[in-house]
Amino acid sequence: MQPIRTKYRGIEYRSRLEATWAAFFYGVGISAEYEAIDLPGWIPDFVIPKKGELGGYKELIVEVRPTAGGIPDDIAFSRAMKAINDAGLDTGTGEDWEIDYQPVLFLGYSLPGDGAIGYLHYPTDIGDGLALAYLSVSNTGYGIAHTNGGSCADIINGTQRWADAGEDEVSTFFKYAKNETQWNPGSRRKMRRMP
1211 MQPIRTKYRG IEYRSRLEAT WAAFFYGVGI SAEYEAIDLP GWIPDFVIPK
1261 KGELGGYKEL IVEVRPTAGG IPDDIAFSRA MKAINDAGLD TGTGEDWEID
1311 YQPVLFLGYS LPGDGAIGYL HYPTDIGDGL ALAYLSVSNT GYGIAHTNGG
1361 SCADIINGTQ RWADAGEDEV STFFKYAKNE TQWNPGSRRK MRRMP
């Protein structure tokens, strides 16, 4: 099945799924730049600039996949890690993983459940791999957090998270984003930020 090119807020996305995630990010106040970087052999769908000081990376790279829950297949994951390495970025496997790593968020056409939004490649001191990613809430607004080995921080805002947005809240945001991109954008009202 061919992706449906979709225009949202003046940007033409290669697929409706990408536009849906753009609407989700916009709705919760997360600044996500579409196809902002071109890595060797891979153009990530979004780049979310980091606001805070936590971690040595500059941004969160986001890849949207037509899979349930966003879990990447081996090919997509390998392609992402190879492109990051070829670009001279660190996948977090060296001694300085806490400083030099490049996190990658994988999102899909559905939510994984339990309030998660996708899967995050986020290296930790207990190993390298995928962790569930959550929409977090802190004094700086919404962000993205992981849980892996008991530690957790908002990796966009660079702060400790206060709480996760609940499963109902995340589902509502996602449904709202889907509705915003499902119909002809010229015939619909403009999406406002979600409360």
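Residue numbers (the numbering used here): 1211 to 1405.
Where a beta carbon is used, it is the ideal one built from N, C-alpha and C, also for glycine.
Residue i versus residue j - alpha carbon distance
i: Ala-1375; j: Ser-1288; result: 30 Å
i: Tyr-1344; j: Gly-1323; result: 10 Å
i: Arg-1215; j: Gly-1298; result: 32 Å
i: Gly-1237; j: Phe-1383; result: 7 Å
i: Ala-1341; j: Leu-1227; result: 22 Å
i: Leu-1321; j: Asp-1296; result: 30 Å
i: Asn-1358; j: His-1331; result: Legend: pLDDT at Asn-1358 = 41, less than 50; position of this residue unreliable, no value from coordinates given.
i: Leu-1315; j: Ser-1346; result: 14 Å
Extent of the continuous beta strand (DSSP E) to which residue i belongs
i: Ser-1348; result: 1340-1348
i: Ala-1355; result: 1351-1356
i: Tyr-1236; result: That residue, Tyr-1236, is in no beta strand (DSSP E); its alpha helix (DSSP H) goes 1226-1238.
i: Tyr-1223; result: 1221-1223
i: Leu-1299; result: Careful: Leu-1299 lies outside any beta strand (DSSP E) and carries neither H nor E.
Distance between beta carbons of residue j and residue i, contact taken as under 8 Å
i: Tyr-1329; j: Gly-1280; result: 5 Å
Residue i: first and last residue of the uninterrupted alpha helix (DSSP H) it sits in
i: Lys-1388; result: 1377-1392
i: Ala-1326; result: Taken as a continuous stretch (DSSP letters only), Ala-1326 belongs to no alpha helix (DSSP H), being part of the beta strand (DSSP E) at 1326-1331.
i: Ile-1285; result: 1284-1296
Residue i classed as buried or exposed, judged by whether at least 16 other C-beta atoms fall within 10 angstroms
i: Asp-1335; result: In this predicted model, Asp-1335 has a pLDDT of only 49, less than 50, meaning its place in the structure is not dependable enough to derive any value.
i: Met-1211; result: exposed
i: Asp-1255; result: buried
i: Ala-1242; result: buried
i: Ala-1278; result: exposed
Chain D contact for residue i (CB, 8 Å cutoff)
i: Asp-1255; result: Chain labels in this structure do not include chain D; a single protein chain is all it has.
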